[in-house]
Each structure stands twice: as structure tokens, then as C-alpha cells.
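Chains as they are written, first to last, in the numbering used here: chain A, 17 to 377; chain B, 17 to 377.
Every residue gets a Cβ at the ideal spot worked out from N, C-alpha and C, and that includes glycine.
There are 2 protein chains.
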Amino acid sequence: MTPVDLAPLLADLAARKPAALARAVSIVENHRAGSDQLLSALHAKAGRARRIGITGPPGAGKSTLTMRLAALWREQGRTVGIVAVDPTSPFTGGALLGDRIRMESVALDPGIFIRSMATRGALGGLAATTREVADVLDAYGFDRIILETVGVGQSELDIARTADSSVVVLVPESGDSIQTMKAGLMEIADLFVVNKADRPGADRLRNEVELMLGLRLGQVYKNVPAHHGVDLSNKSVARAARAASQEVDGDHWTPPVLAATASKGEGVAELATALDRHFEYLARSGALRERRRARLRERVVDAAERLLRARLWGDAATEAWLETQLDALESGARTPFATAEALLERSSARLVQRASERSPG
Amino acid sequence: MTPVDLAPLLADLAARKPAALARAVSIVENHRAGSDQLLSALHAKAGRARRIGITGPPGAGKSTLTMRLAALWREQGRTVGIVAVDPTSPFTGGALLGDRIRMESVALDPGIFIRSMATRGALGGLAATTREVADVLDAYGFDRIILETVGVGQSELDIARTADSSVVVLVPESGDSIQTMKAGLMEIADLFVVNKADRPGADRLRNEVELMLGLRLGQVYKNVPAHHGVDLSNKSVARAARAASQEVDGDHWTPPVLAATASKGEGVAELATALDRHFEYLARSGALRERRRARLRERVVDAAERLLRARLWGDAATEAWLETQLDALESGARTPFATAEALLERSSARLVQRASERSPG
Chain A
17 MTPVDLAPLL
27 ADLAARKPAA
37 LARAVSIVEN
47 HRAGSDQLLS
57 ALHAKAGRAR
67 RIGITGPPGA
77 GKSTLTMRLA
87 ALWREQGRTV
97 GIVAVDPTSP
107 FTGGALLGDR
117 IRMESVALDP
127 GIFIRSMATR
137 GALGGLAATT
147 REVADVLDAY
157 GFDRIILETV
167 GVGQSELDIA
177 RTADSSVVVL
187 VPESGDSIQT
197 MKAGLMEIAD
207 LFVVNKADRP
217 GADRLRNEVE
227 LMLGLRLGQV
237 YKNVPAHHGV
247 DLSNKSVARA
257 ARAASQEVDG
267 DHWTPPVLAA
277 TASKGEGVAE
287 LATALDRHFE
297 YLARSGALRE
307 RRRARLRERV
317 VDAAERLLRA
327 RLWGDAATEA
337 WLETQLDALE
347 SGARTPFATA
357 EALLERSSAR
367 LVQRASERSP
377 G
Chain B
17 MTPVDLAPLL
27 ADLAARKPAA
37 LARAVSIVEN
47 HRAGSDQLLS
57 ALHAKAGRAR
67 RIGITGPPGA
77 GKSTLTMRLA
87 ALWREQGRTV
97 GIVAVDPTSP
107 FTGGALLGDR
117 IRMESVALDP
127 GIFIRSMATR
137 GALGGLAATT
147 REVADVLDAY
157 GFDRIILETV
167 GVGQSELDIA
177 RTADSSVVVL
187 VPESGDSIQT
197 MKAGLMEIAD
207 LFVVNKADRP
217 GADRLRNEVE
227 LMLGLRLGQV
237 YKNVPAHHGV
247 DLSNKSVARA
257 ARAASQEVDG
267 DHWTPPVLAA
277 TASKGEGVAE
287 LATALDRHFE
297 YLARSGALRE
307 RRRARLRERV
317 VDAAERLLRA
327 RLWGDAATEA
337 WLETQLDALE
347 SGARTPFATA
357 EALLERSSAR
367 LVQRASERSP
377 G
């Protein structure tokens, strides 16, 4: 990668110029030249912001909730960076675009920065890129960073995992039953919000989520004598299991199931308070440090694999060589796996050579 | 990787024993020991089957269409392998599970093999795994392989790209407007099916898709004099543009927009016929060979990157070393990128050593 002179950009970022921020985010988002240098230069400045993931099915009102939460924090004097990850879906894109435009209209406030990220491009790289954009916002000095993703795929769950607190937004009509929620979602949720709580079925949904949480806690604590023989099949038992689990471990976090009607601003203050409580729990229990160290670890893994791929494929000769192998692959004379092994053989000297060039001796 | 004796399994596969097929698919699906060897052993036998991708939004009736199509092909004496990729969504899983169970009830016929694949696990690896499972089915001797995916994410589009023919299924209620369909979908669709065609809005949807195709072809052929100054803003113009484009290039494929009511079996024979026409087009134009070579190329890329990751991370000492770097990362004294570079430095000798061990000299 060609070295890029980032000094002017870094100076403008330090002076908190919004145009510099937008440019820095674009460089990182698109992995442009200088992206890794920029992230390295900003690394020591990041780590101050709280990162909140907001995920849920299409139409759950995530954007509205995000906007309301951001407005509340602004009233409290906090600055807010928002990374809204557009759905990967080629089917549901339209409806969300409207939300996005409405959201961007609040961006006249310099204390709010919003970036919508498309999900085209390298699969699996989306969570990494979102994390890196959040790092830029963090280093710039935002107090809160909201990562808003539509919960349609594994990659969105991966993004949610990069947050300090993950909020899962549900609506009464989002499914016939809470049974449609798979395990992955329960694992990442630190807080649930049943939005559009003025609609029929909202109370039932809240109860179902609570029951499910109770069942999960029942499983977690299944070896605890107090739960032996308990039938965890109804709401009161679920609540009892949760109460018992809190008794068993005072430092355990039980995801609250909040109600909100974001369009009217109802339940937003309660969500903000619950997020504060969750952050206090994270700090107190050591979970915050643990999550942040895991995030740093993932950053290294991402960077290492990206570097390795760049070294493997960054040479036109390798691509050309692969083309020459296609006839043998097509006839069945050679297998893809054997060809892959040959490719690595072929490239290994170059990989090592490059590595030694960087640190001779 | 420890060598595994696959001879008994390969013999059972050659004898077309269903239990052996199920086992082989499981080994490949879960990347168990012997997976690469197995695929290599089967490689020369694959390449005979036609692969059909069926994708679309949740609730479009893909499973029903898949089942009907499979039944039709069975009547024609063809064997059919089906790989149904479960949605990544933690929100919509429930509804599809029902379809899946219904589908599996047809699996009493030994001429049909169905495997539902979960999307948990390595991101980005899903398309690769689906392709490999399809290779096993292909080598086993199935005439047709259907890759059914719910079109909610990039990975599903990637899966569709591994097929010879991609069918995109839409329903009148799948969106307020065809505008919700993003570019990626138009790129992969070889055939469109408007399912539930007896519902209101089906004709309008077909017209909208045709218009969109017309616009696309208008763009493709924008340098052709016949299209100069043409306003591509209504249905008849769209059709004219399509007709003109076919005139311009007799070997061009225009995706047909079919109507079907899969639940009643209507439109299924027409789909099968259109698929035959598409396959003939692929064979005649050379596109089939091109697609299959691209698929082989991707198999090599996948295998190479998987090998590289295994070599990088397959050593507990590397993981342990990374843990020792977390303090410096946390304090900001070291950046993830610099740590990644150090990690590759550290591993490079081992990478090369392993490579040389395999082919000395």
C-alpha cells in the first residue's frame, strides 16, 4: 500500500472539523489508501465512547427509536454518532430508505453525525468495517455511538456483538410468536424493547419474551438446587426463575423487556435509563473490559486475514496462473483443493519475502 | 489434518447407497475431517447435473415451488437433489420451518434428496459450503440440483450465483413497488416467477418487472443507434426495447417473467420449460462453460483462503501470543494493524515450513 500523508487530515480531525470527519469515515468505510494508517493513528484516542447496537426486524421502528434516543442524549449535552447499516436485502431496501432520509434531516445538528453504510462488498467484512467506522467516531470524540442494523442476517448479529450494549427491538406484528426468534438473538440482547406498544399484542409479546428469558435463565441455572424439578412453562414461573437467578448471582444482568412507542417518544427516557444501568453493570462486573478486549482481538484477526489475502491475491501473476489451471480443473484432472495447495506453494516465497522486507533480520 | 480412510464411504457412494450420501453431505457441510479429501475424490465425477437457484423474499412460496418442480422432474424420470438454505434471520425462522417439514415429507422418494442447511457458522463460508454440498449431490448422480435460499442477504445472492440458472420468485405482496428490488437481484435473475399469481397486483408486478428489465436492457444497449432518443418509461416501450435487444443480439437471454400459483401447481410446467430453454441458451452461447469455470475458480479461491486461515490459526501458540498483546492494544501503546503485521511475521516461517513439508524440493 502506498504511504499517504495523513497529517493534514489528522490535524483537521483534532480540530474537530466536520468535513474531516466525513472524509475520514469514507476512507475507512471504503478501505481506501491510508485506511489502516488512519485507524492506527486514531487508535490511542478511541475507547471513550459508549457503543449501543440497535437491531430488529424490518419495520420495527429502529430508525425512529434511534432518532429519539439521539435527541434525548443531545438534550443531556451528549454528542451522538450513528452508523446505520443498510439492509443487505435486495427486497426490503425501499422502505428503509425513507427512514434514512428522515433521519438525515436531523443531521443539521453538529453534535450528531450519521453515516449510512451499504452492505455491498466483501461479505464478512461488514462487521469489521462497522467496528472501524465506530472507532473513527469514537476517536473524534462522540460520547455515544449507535450502531443501527436491520436484523436479517448473521452479519447484523456480528455487528451487534461489537457494541457495549445491544438493544433488540420487536413489534407485535413482527412474528406470529416469539418462537420465531432464534437463539442467536437471545444471546446478543442486553435489552429488549417492544416498540409500537400501543398496538394489540404488545403485552403478550412482552410476556413471551420474559418467559423465554426465564427459560434461558432456567437453563443457565439448571444445576442450582433451587431450580430442581421446577416446571418452567408459564409466566409466573419464568419470573420466579429470573428472581431466583438474580438472587443466586447479584452481579448477573437480566435483560429488561421495555415497552415503547417511539413515534410518540414514549419509553425512550426509560430506554436511556436502562442503558445507563446496563453500562454501570458492565463497568462493575468487568464485562465492559472483557467485551472491549474481545473487540480489539477481533480487530487484529480481521487485519491479519485482510493482510494475508492482500498478499495472496495482490499479484496479477497469481491470478493469471490460476487461469491456466482451469482446463485441468474442468477436465477433472486436477481438484480445487490440490490447486489451492499448489497456489499456496507458489505464493509462499513471496509471502515470506514481503514479510522479511518489512522487518529485516 | 489427519488422513481419513474414505475408501468404504466412496465405495458406498459409488453403489448409490442413500445412507452414504447423507453421511458424505454431513461431512462436507460441517467441514469434518476428510471433507477436502472427499471433495477431491468426487471432483472428477461432478459436472453433469444442472443447478438451479431459487431465491426470493420470505413467504414468496419458494419451498412450494421447489417441491412442485421436483415432483414434475420426478415424473419425467429425473432425480433431484435439493439444498435448502435456512434463512440467516433470527426473526423469520419459524414460518419457514413449517415449509421445510412439509418438504421433507416428500423425501420418501429415493429419487429426491433434501438437505436443509443452517446458516450459523463461518460467515462468507456459506456460499462455499453450499457449492460443495451441491458438488457431492452432483457426483452422486442427481440430474437436477435445486439450491433454495431465502433472499435476505448478500450470502444468499452469492449462493444463487453458483447456480447455472437463477430463478427469482416474487409475490404481489412482497413489496409496495418493484423499486424495492435492488440491483443485485436484477443481476442474478435468469428467470422471474411472480407466484401467487391469482392474487390482486400480480399483473402489475409482472409489468413492473418487465419494465425494469426493459430499462436495464435499454442501458445495456444504450450505444446501439436503434435506441437513441427512446423514452423507456412505459410498458410497451420496455417490451419494444427488449424485442430490439433480441434483434440486435440473437444470442442474448432476456429473463422471462412467468406467472405461477405454485400451491395449485399452476405455472410449474412453464417454469420447467423455461429452465430448459435457459439451459439450451447457456450451452449454445458458451455461458454454461464460462459459469462453470468461474465456479471452479471460486472453489480454488475458497480452498486457498481456508487453508491459509487454518495455517495461521491452527496453532495454539499463536492464539496464546495474541492474548499477551491485549494489554498493549488496550492501553493504545500498540495498534491492531501493527499487531496483525507482527502476527504474520511471527507465523510466516511456520507457513512456509508447512508448505515445504508437503512438497519437498
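Interface partners of alanine 354 of chain B on chain A, CB under 8 Å: Ser56
DSSP three-state call for leucine 274 of chain A: helix, strand or coil? strand
Less than 8 Å between the CB atoms is what I'm expecting for leucine 81 of chain B and valine 209 of chain B, so what's the real figure, rounded? 7 Å
Suppose you measure from the CA of valine 166 of chain A to the CA of alanine 358 of chain B; what does that come to, to the nearest Å? 36 Å
Using the beta-carbon of each residue, which ones in chain B are nearer than 9 Å to aspartate 348 of chain A? First, the residue type needs correcting, since residue 348 of chain A is glycine and not aspartate in the sequence shown. Going along chain B in sequence order, the residues near glycine 348 of chain A (Cβ under 9 Å) are His59, Ala60, Lys61, Ala62 and Gly63.
How long is the line joining the alpha carbons of leucine 112 of chain A and arginine 90 of chain A, rounded to whole angstroms? With a pLDDT of 44 at leucine 112 of chain A, under the threshold of 50, the modelled position of this residue cannot be trusted; read the value that follows with caution. Approximately 24 Å between the Cα atoms of the pair.
Tell me which residue opens and which closes the alpha helix (DSSP H) that arginine 315 of chain B is part of. 303-329
Using three-state DSSP, classify alanine 100 of chain A as helix, strand or coil. strand
Scan the region 28-46 of chain B for residues whose Cβ lies nearer than 8 Å to a Cβ of chain A and list them as they occur along the chain. none
With 7 Å as the limit, tell me which residues of the region 311-323 of chain B have their beta carbon closer than that to any beta carbon of chain A; keep them in chain order. Leu312, Arg313, Arg315, Val316, Ala319, Ala320, Glu321 and Leu323
Is the beta carbon of arginine 84 of chain A less than 8 Å from the beta carbon of arginine 315 of chain A? no
Closer than 8 Å, CB to CB, is arginine 307 of chain A near chain B or not? no
Indicate, with yes or no, if the ligand GDP has a heavy atom lying under 7 Å from the CB of leucine 25 of chain A. For the structure depicted, the ligand GDP is absent and the ligand set is empty, with no information on it obtainable.
Mind checking which residues open and close the alpha helix (DSSP H) that includes aspartate 91 of chain B? Rather than aspartate, the amino acid found at residue 91 of chain B in this sequence is glutamate. Run containing glutamate 91 of chain B: 78-91, per the alpha helix (DSSP H) assignment.
The region 66-84 of chain B: which residues have C-beta closer than 7 Å to a C-beta of chain A, in chain order? Pro73
Please confirm if glutamate 224 of chain A has its CB atom under 8 Å from at least one CB of chain B. no
Does serine 364 of chain B get closer than 8 Å to chain A when you measure Cβ to Cβ? yes
When A:Ser363, A:Ala278 and A:Ile68 are compared against alanine 332 of chain A, the one with the closest alpha-carbon: A:Ser363
So, at 8 Å on beta carbons, what are the nonlocal neighbours of alanine 35 of chain B in its own chain, with the 5 sequence-adjacent residues on each side left out? Asp28
Does leucine 207 of chain B come out as helix, strand or coil in the three-state DSSP assignment? strand
Assign arginine 177 of chain A to one of three DSSP states: helix, strand, or coil. helix
By how many angstroms is the C-alpha of valine 149 of chain B removed from the C-alpha of valine 41 of chain B? 6 Å
Residues within the region 323-334 of chain B neighbouring chain A, beta-carbon criterion of under 9 Å: Leu323, Leu324, Arg325, Arg327, Leu328 and Trp329
What's the C-alpha gap between serine 56 of chain B and isoleucine 98 of chain B? 22 Å
Hey, out of B:Pro272, B:Thr334, B:Leu88 and B:Thr178, whose CA is closest to asparagine 223 of chain B's CA? B:Pro272
In chain order, what residues of the same chain lie with their CB nearer than 6 Å to the CB of valine 20 of chain A, ignoring the 5 residues before and after it? Ala49 and Gly50
Closest to proline 352 of chain B by CA distance: which of A:Ala86, A:Asp214, A:Arg311 and A:Thr71 is it? A:Arg311
State yes or no: is the C-beta of glycine 69 of chain A within less than 8 Å of the C-beta of isoleucine 175 of chain A? yes
Between which two residues does the alpha helix (DSSP H) holding leucine 163 of chain B run? Looking at the DSSP string, leucine 163 of chain B is not in any alpha helix (DSSP H); the run it does join, the beta strand (DSSP E), is 160-166.
DSSP three-state assignment for serine 364 of chain A, whether helix, strand or coil: helix
Taking 8 Å as the CB-CB limit, is leucine 360 of chain B close to chain A? yes
Using 10 angstroms around the beta-carbon of threonine 340 of chain B, count the other beta-carbons present and answer buried if the total reaches 16, otherwise exposed. exposed
Give the C-beta separation of leucine 207 of chain A and leucine 274 of chain A to the nearest angstrom, bearing in mind that I take them to be a contact with Cβ-Cβ under 8 Å. 7 Å
Look at isoleucine 162 of chain B and valine 96 of chain B and say whether their C-beta atoms are less than 8 Å apart. yes
Closer than 8 Å to chain B by CB, threonine 146 of chain A: no
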